[in-house]
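Chains as they are written, first to last, in this note's numbering: chain A, 37 to 316; chain B, 338 to 655.
Below: one structure, written as structure tokens.
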């Protein structure tokens, strides 16, 4: 009896403690959302503040962004296109590679796998100057393709798909071969559909990485009309800026779709974002 | 049977003449000696073009002076130039940042995960989700929020708290210590939820039989933590601290979002920021590449230490 009582009070303390921690961690996002309804002049003056005049809250920032801010929506469009391209291409190529490393026995397989792990460890920042020069040389600067290219064969995704495909039933492959299916048919029609859950996790990982990508697009995108959301929003971050309306309402509008997706596909988000930790 | 191969159909209709005999080329394409390499070819191409070539080119560039239309080898002069006060500042900022983030982003997530995994906490799913949400924001949006929370104004959230505690309002972006604080808190805020999940995943792998056996032996909660939980968390702790260290040395955006490319007295300068400033800003690609090579060496040493600690070298053989 006594220990039950002690446990239930511990439960209360721990749960309230976590409620506080969650509130502190969510505070910046809640603060952002509330602030997005404040007049932008006050925002510039105060930043995010506790002393909010609730009678002053209005939709002006959102009205402005929907009616006047054409450049914001072109950034939004660019981000959507670049993320979609990244997801489709990187899933297609990375799953092929990961699948082959998992199911076939061939010369050099171990070498390729070690190379995948090696690239996983090479930070992109080290390669960015020569890659940038390459893009300048190929006259690809300021194009979607330049942004997407380095992400097409993602070593994290190759690694993840390889781990996942190792667990696929190989008997299905033999059965399909008996039916006269080619190796490519086996992959696209039988094995790929079985890799669905890992596809979802990697689509989210690659999509989010691309949606939030900053340094590389900052290098290769030049004109305002080609900017992605993070690049475009960063240009508004000047101390002299009078664009806080776009900046803050625009930030809310970049987070909200992701949070909604997260609520529905939490499992895949978690699997994708922690995929660096999958062990062999 | 019901799944005829599209590729062979389409290419067979193109090659009319070989229609009757089994097409040798297609048989070749479908042979077990060729298929794996076709599947792996995107990786081979991207490795050669997007990793190996830039890596070698970067090393060559680091020995060159690169002006438009005029490239010449200048030996080690770029490397001699790397050893300057700005680079030391960038390296020391980055190192302090790495040490602070690795401590915060290992210890706090571990404790939170152990608590979340205990039977005392209710609404686990909700807490797990809410501490994960910051990971969904970009550093730019997250940084913008922190810039507004830590603005110089007396009426910003941070200075209201500081004033409430009886201290003077702080110019957060203009002091060396608070500049570091801003970068560290931004990174910690964004990554804490992800790292909690890493630890939780590992905690759920610990067999409950171990704890039952400990109960029979009369172990108390602290002993179970000390002798079962913590030893089992060792591999994931090494993993989490390694990615935090490497991400720390790659840090750029957490600084850019507060000061763009130049901070007062370089209080926000990082190694990657220095590469960007010199290579792109000053268009001094040779010098920028030399800094990159130095950074590569630092990260390689860390990675090798990690591989030795975790025994990852064995992974390729399985």
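By construction, the Cβ of each residue, glycine as well, lies at the ideal position given by its N, Cα and C atoms.
Note that this is a predicted model, so its numbers are computed, not measured.
Shortest alpha-carbon distance to residue i belongs to which of the options?
i, options, result
"residue 461 of chain B", "B:470, B:450 and B:471", "B:450"
"residue 412 of chain B", "B:404, B:423, B:619 and B:396", "B:396"
"residue 274 of chain A", "B:469, B:594, B:569 and B:423", "B:594"
"residue 106 of chain A", "A:124, A:262, A:297 and A:84", "A:262"
"residue 219 of chain A", "B:375, B:361 and B:360", "B:375"
"residue 389 of chain B", "A:233, A:284 and A:151", "A:151"
"residue 236 of chain A", "A:225, A:302, A:214 and A:255", "A:302"
"residue 422 of chain B", "B:608, B:623 and B:363", "B:608"
"residue 530 of chain B", "A:180, A:57 and A:50", "A:57"
"residue 128 of chain A", "B:379, B:642, B:597 and B:576", "B:379"
"residue 405 of chain B", "A:243, A:172 and A:104", "A:172"
"residue 408 of chain B", "B:644, B:398 and B:537", "B:398"
"residue 184 of chain A", "A:291, A:79 and A:123", "A:123"
"residue 587 of chain B", "A:208, A:251 and A:310", "A:251"
"residue 618 of chain B", "B:602, B:601, B:604 and B:597", "B:597"
"residue 307 of chain A", "A:281, A:233, A:167 and A:253", "A:233"
Assign residue i to one of two classes, buried (16 or more other C-beta atoms within 10 Å of its C-beta) or exposed (fewer than that).
i, result
"residue 99 of chain A", "exposed"
"residue 638 of chain B", "exposed"
"residue 43 of chain A", "exposed"
"residue 74 of chain A", "buried"
"residue 558 of chain B", "exposed"
"residue 425 of chain B", "exposed"
"residue 338 of chain B", "Low per-residue confidence applies at residue 338 of chain B: pLDDT is 38, beneath 50, and the placement is therefore not dependable, though the value from the model is reported in the following sentence. Under this definition residue 338 of chain B is an exposed residue."
"residue 296 of chain A", "exposed"
"residue 350 of chain B", "Residue confidence for residue 350 of chain B is low, a pLDDT of 46 falling below 50, so the modelled location carries little weight; the figure read from the coordinates is stated next. Exposed is the call here."
"residue 260 of chain A", "exposed"
"residue 510 of chain B", "buried"
"residue 508 of chain B", "exposed"
"residue 438 of chain B", "buried"
"residue 115 of chain A", "buried"
"residue 49 of chain A", "exposed"
"residue 210 of chain A", "exposed"
Output yes if chain C places a C-beta closer than 7 Å to the C-beta of residue i; else output no.
i, result
"residue 582 of chain B", "Judged by its chain identifiers, the structure shown contains no chain C, and its protein chains are A and B."
For residue i, which of helix, strand or coil comes out of DSSP?
i, result
"residue 402 of chain B", "strand"
"residue 435 of chain B", "helix"
"residue 320 of chain A", "Absent from the model: residue 320 of chain A. The displayed extent of chain A is 37 to 316, so no value can be given."
"residue 195 of chain A", "helix"
"residue 582 of chain B", "helix"
"residue 300 of chain A", "helix"
"residue 489 of chain B", "coil"
"residue 410 of chain B", "strand"
"residue 369 of chain B", "coil"
"residue 459 of chain B", "coil"
"residue 262 of chain A", "helix"
"residue 288 of chain A", "helix"
"residue 210 of chain A", "helix"
"residue 104 of chain A", "coil"
"residue 632 of chain B", "helix"
"residue 589 of chain B", "coil"
"residue 232 of chain A", "helix"
"residue 174 of chain A", "coil"
"residue 245 of chain A", "helix"
"residue 566 of chain B", "helix"
"residue 479 of chain B", "helix"
"residue 116 of chain A", "helix"
"residue 158 of chain A", "coil"
"residue 218 of chain A", "coil"
"residue 377 of chain B", "helix"
"residue 250 of chain A", "coil"
"residue 153 of chain A", "helix"
"residue 310 of chain A", "coil"
"residue 257 of chain A", "coil"
"residue 577 of chain B", "helix"
"residue 557 of chain B", "coil"
"residue 454 of chain B", "helix"
"residue 638 of chain B", "helix"
For this session: Flag this pair as touching only if the stretch 156 to 169 of chain A and the stretch 626 to 637 of chain B have three or more C-beta atom pairs under 8 Å; answer yes or no.
Result: yes
Exercise. Hey, is the stretch 190 to 206 of chain A in contact with the stretch 129 to 139 of chain A, meaning 3+ C-beta pairs nearer than 8 Å?
Worked result: yes
For this session: Ignoring anything shorter than 4 residues or poking outside the stretch 501 to 551 of chain B, list the alpha helix (DSSP H) runs there in chain order.
Result: 513 to 542
For this session: Can you check the stretch 37 to 100 of chain A for any alpha helix (DSSP H) of at least 4 residues that lies completely inside it and give the ranges in chain order?
Result: 38 to 71 and 76 to 82
Exercise. Is the stretch 493 to 512 of chain B touching the stretch 83 to 98 of chain A in the sense that three or more CB pairs, one from each, lie closer than 8 Å?
Worked result: yes
For this session: Would you list, in sequence order, the uninterrupted alpha helix (DSSP H) runs of no fewer than 4 residues that lie entirely inside the stretch 594 to 633 of chain B?
Result: 608 to 612
Exercise. Would the stretch 513 to 528 of chain B and the stretch 477 to 488 of chain B be scored as touching if the rule is three or more Cβ pairs under 8 Å?
Worked result: yes
Exercise. For the stretch 465 to 473 of chain B against the stretch 549 to 566 of chain B, are there 3 or more C-beta pairs whose distance is under 8 Å?
Worked result: no
Problem set entry | Three CB pairs or more closer than 8 Å across the stretch 563 to 570 of chain B and the stretch 584 to 598 of chain B | no
Exercise. Do the stretch 236 to 250 of chain A and the stretch 110 to 124 of chain A meet, that is, are 3 or more Cβ pairs less than 8 Å apart?
Worked result: yes
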